[in-house]
Amino acid sequence: MKDILVTGYNRIIKEILWSDLAKDFRVIAADRELPRRNDGNVRFYSISPEEEAFRQLFDVYSFSAIFFISGYVDGGEGFYGEMNDLEKVLLEAAHAHVDKVVILSSIESMNYVPAIGTGGIELDRNFYQAASLRADQLEEMCRFFSKTMSLKTIILRLPYLTNSCNDGNFLGKLFRNIYENKKLLLPYRENDRVDFISQEDLAELLRRIVEEDEDESGSYFVSSGYRHTYGDLAAVLSSLSPGLRILYENKADVIPREDYPFELRKIYGWIPKEDVMEQTAWLYELFCKKVMKGKRSLRDWLEKLLNRQEGIFKYVELLVVFLFAELLNHYLGVNVYFRFVDIRLFFIVIMGTIYGMRTGLLAALLECIALFVQYLGIGVDWTLLFYNVENWIPFMIYLMAGSVTGYIKNKKTEEIKFSREEYGLLRDKYLFLNEVYRSAVENKGEYKKQILGFKDSFGRIFDAVQRLDNILPQSIFMEALLTMEDILENRSIAIYSVDQYERFGRLVVCSDQLRTKLPKSMVLEESGGLFEMVRERKIYKNTEMQEGMPVYASGIFREEKLVLFVVIYEVNPDQYGMNYMNIFRILCGLVQTSFLRALDYEELAEEKIYYPQTNVVRRERFMEILAVQSEMKEKKIADYVLVKLEEKERHKVSDSLSRIIRAADVIGEGTDGNLYVLLTQVNLESFHFVETRLAGTGLSYQVVEKVG
Numbered sequence: 001m002k003d004i005l006v007t008g009y010n011r012i013i014k015e016i017l018w019s020d021l022a023k024d025f026r027v028i029a030a031d032r033e034l035p036r037r038n039d040g041n042v043r044f045y046s047i048s049p050e051e052e053a054f055r056q057l058f059d060v061y062s063f064s065a066i067f068f069i070s071g072y073v074d075g076g077e078g079f080y081g082e083m084n085d086l087e088k089v090l091l092e093a094a095h096a097h098v099d100k101v102v103i104l105s106s107i108e109s110m111n112y113v114p115a116i117g118t119g120g121i122e123l124d125r126n127f128y129q130a131a132s133l134r135a136d137q138l139e140e141m142c143r144f145f146s147k148t149m150s151l152k153t154i155i156l157r158l159p160y161l162t163n164s165c166n167d168g169n170f171l172g173k174l175f176r177n178i179y180e181n182k183k184l185l186l187p188y189r190e191n192d193r194v195d196f197i198s199q200e201d202l203a204e205l206l207r208r209i210v211e212e213d214e215d216e217s218g219s220y221f222v223s224s225g226y227r228h229t230y231g232d233l234a235a236v237l238s239s240l241s242p243g244l245r246i247l248y249e250n251k252a253d254v255i256p257r258e259d260y261p262f263e264l265r266k267i268y269g270w271i272p273k274e275d276v277m278e279q280t281a282w283l284y285e286l287f288c289k290k291v292m293k294g295k296r297s298l299r300d301w302l303e304k305l306l307n308r309q310e311g312i313f314k315y316v317e318l319l320v321v322f323l324f325a326e327l328l329n330h331y332l333g334v335n336v337y338f339r340f341v342d343i344r345l346f347f348i349v350i351m352g353t354i355y356g357m358r359t360g361l362l363a364a365l366l367e368c369i370a371l372f373v374q375y376l377g378i379g380v381d382w383t384l385l386f387y388n389v390e391n392w393i394p395f396m397i398y399l400m401a402g403s404v405t406g407y408i409k410n411k412k413t414e415e416i417k418f419s420r421e422e423y424g425l426l427r428d429k430y431l432f433l434n435e436v437y438r439s440a441v442e443n444k445g446e447y448k449k450q451i452l453g454f455k456d457s458f459g460r461i462f463d464a465v466q467r468l469d470n471i472l473p474q475s476i477f478m479e480a481l482l483t484m485e486d487i488l489e490n491r492s493i494a495i496y497s498v499d500q501y502e503r504f505g506r507l508v509v510c511s512d513q514l515r516t517k518l519p520k521s522m523v524l525e526e527s528g529g530l531f532e533m534v535r536e537r538k539i540y541k542n543t544e545m546q547e548g549m550p551v552y553a554s555g556i557f558r559e560e561k562l563v564l565f566v567v568i569y570e571v572n573p574d575q576y577g578m579n580y581m582n583i584f585r586i587l588c589g590l591v592q593t594s595f596l597r598a599l600d601y602e603e604l605a606e607e608k609i610y611y612p613q614t615n616v617v618r619r620e621r622f623m624e625i626l627a628v629q630s631e632m633k634e635k636k637i638a639d640y641v642l643v644k645l646e647e648k649e650r651h652k653v654s655d656s657l658s659r660i661i662r663a664a665d666v667i668g669e670g671t672d673g674n675l676y677v678l679l680t681q682v683n684l685e686s687f688h689f690v691e692t693r694l695a696g697t698g699l700s701y702q703v704v705e706k707v708g
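The sequence shown: position 5 = 5 (full-length UniProt numbering), numbered continuously.
Right under this line is the structure:
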């Protein structure tokens, strides 16, 4: 499950969006105004990007995407320190190599008239509102980081947002005025465009953006696809309350809106569903029920009181101990043995140490009042207390003792909470991986029993189990192909890897006679019934003898997602049978068990495989991968090109190449200390496609045959 971070103006997000995102991802929400709590797959942290605790989130979690919500969304005016917060988020994302940062901005950032100079060059932008200028500056910062730090940034310009209760947003403010019989003031002219997007549709768009790996940095208008004006909105709102008075501010609106989000549909396959304008009456009814009439009953208040009994008992205890301390001070203050013991100070230190700063300061304030009353009781005038600085000292000591002890208590409590959450996250992660490993071992044992029961095949298949017992994915691919060719007696087998969103298949390894025939990649949706059958965990069989389609195909899954699929393109007439298909299914199961175990090992041993904070493979591991690729090249079942880099600084190479190479390519260090790039399924004839991308990084390189 991927980790995503949501920060910025999180208060605009309602429960429906949190719950929709939590279905597919582990969501971390960080905002200085959010209460700290856990809700299933959503963890809320009350921290801002300026705090050290925010940076530590990147040590605890591996974020695939970051969502920064601008304060200008939904017609807002921004929030204090927004520009600085965004800069901190972008810096941390670049250092942590986050896949992408998505900025939820406002369409108001485009409300300007460009000043065009000679040759059609834009010289300046004339904005009509200050909020539009500031929103545009946020987007400019995102584009700056995208260019200078190779950080993928996606800017979404949102219209007004809606949800089931609409409490505090633009539409909710209009509803509140209607409910209170006040006049409405719409910001623009009657014929200007207005658009709404539901948070359910927005959640679907965000989910698709996280899952898409092939996208690039860009800016997009988000729209519902329906064309409405403020006049239409006024007509709908008037139907809710006859006699409603509606005025227009008549602000300038030159936003170049899109009627339909064609780009988002093309890149992410997102289609908005809801027309909020048609649901306005229903939304107003919900607003009245949930927001305006959501008063608590006596039973609700009693339940809330019981839930907060711990806090009540704390203050009861404070009052009781205060009275007890005053009683002791009254009777023991005249005793010569207790003359130099300040019972009041002792009480303040105890309360601050146990309950924190708030209770410590409250205890100090109570004792200051008691001391003031005591001074008055012995005849000291209040003006003497006020103007004589020496009399302030006990009061200052009491307040300082309460604040210092309380601060130390609060600081230690927060550190313990954060450490416990960090430990819990790591513990859950390794428990899960341990369960996966145990399951893989159990599956391996079950497959072994099934294989040994097959007549005339148990010896060869048992040998296959031994050959596939490896922790190097490249070695598993080679052994899987060779084993299948041997047992199935077939020389037309290929193995494809599948991208995260199950859109493309990349050729990993294939039989020698297919090397020049098969494309290096294929679009799964264009494979017809093959992909649909494999996705349902069934063996595909080309019973209709469709030309160009394989005879058999089977998928390999991880967490319900297709990660590999194996195909057989040609078979002999005697191999069209259930027995042959069952053996093929079992072999694919063995490959799945070994491959998933190798992936789990790579996740657990990531620090041993890669140099810290880079995607550069350590030399021992890299030489193992290179040896396997060389062996596959000698057996004519795969190709590769080895590129030697002149640059030896790992972080620079990692940052320069991480965005341009494919997931199957490997950056590593050779035994000679130089850095190399291993380009799989590439030969010298097709190297020119990669060469242009390498040249764009500015790194010097040369193609070599071996390390050294």
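For glycine and all other residues, C-beta sits at the position ideal for the given N, C-alpha and C. Just so you know, these numbers come straight off a predicted model, no measurement behind them.
Keeping to the same chain, check which residues put their C-beta closer than 8 angstroms to that of residue i; ignore five residues upstream and five downstream.
i, result
"S109", "Y72, S132, A135, D136, L138, E139, R157"
"F557", "R537, V563, Q592"
"R257", "I107, R193, D195, F221, S223"
"W18", "V27, A29, D39, V42"
"T229", "E190, N191, D192, R193, V194"
"A203", "I16, L17, D20, L21"
"R208", "Y268, G269, W270"
Quick one: is residue i buried, meaning 16 or more other Cβ sit within 10 Å of its Cβ, or exposed?
i, result
"S239", "exposed"
"V677", "buried"
"R673", "Before going further, note that residue 673 is Gly rather than Arg in the sequence given. The residue is exposed, with fewer than 16 neighbouring Cβ atoms inside 10 Å."
"W382", "exposed"
"Y540", "buried"
"D499", "buried"
"Y430", "exposed"
"E285", "exposed"
"V567", "buried"
"V210", "buried"
"Q199", "buried"
"P272", "buried"
"E82", "buried"
Cutting at 7 angstroms between CB atoms, please list the residues of its own chain near residue i, excluding the five before and the five after it.
i, result
"M1", "F25, R26"
"N615", "S654, S658, I667"
"L590", "Y447, A464, V465, L468"
"R296", "Low confidence applies to R296: its pLDDT is 49, below 50, so where it sits in the model is not reliable, and the reading given next is rough at best. If we look at R296 and ignore the five residues flanking it on each side, it has no Cβ neighbours."
"L174", "L184, L237"
"F54", "A30, I47, S48"
"I609", "E602, V617, R618, R621"
"E624", "L472"
"E92", "R55, F58"
Enumerate in chain order the residues of its own chain whose CB-to-CB distance from residue i is below 6 angstroms, with the five nearest sequence positions on each side excluded.
i, result
"S594", "L468, I476"
"F395", "C368"
"R693", "I660"
"S219", "I155"
"I343", "A325, L328, N329"
"S146", "T153, S217"
"F127", "Y112, L133"
In the DSSP assignment, what are the bridge partners of residue i?
i, result
"F221", "R157"
"L185", "L247"
"V617", "Y610, G668"
"Q702", "K644"
"D39", "V42"
"I568", "I493, Y552"
"E122", "I116"
"K561", "R558"
Considering only their Cβ atoms, is the gap separating residue j from residue i smaller than 8 angstroms?
i, j, result
"Y611", "R621", "no"
"A370", "E326", "yes"
"V60", "E422", "yes"
"V628", "V703", "no"
"K290", "C165", "yes"
"Y188", "D253", "yes"
"L318", "L362", "yes"
"D167", "Y226", "no"
"I62", "L104", "With the sequence shown as reference, residue 62 is identified as Ser, and Ile is not the correct amino acid for it. Going by C-beta atoms, S62 is not nearer than 8 angstroms to L104."
Nearer than 7 angstroms: is that true of the beta carbon of residue i relative to any heavy atom of the ligand NAP?
i, result
"Q500", "Although the ligand NAP was asked about, the structure shown includes no ligands whatsoever."
Does the count of Cβ pairs from the stretch 500-512 and the stretch 477-487 closer than 8 angstroms reach three?
As far as the Cβ criterion goes, the stretch 500-512 touches the stretch 477-487, which means the pair count is three or higher.
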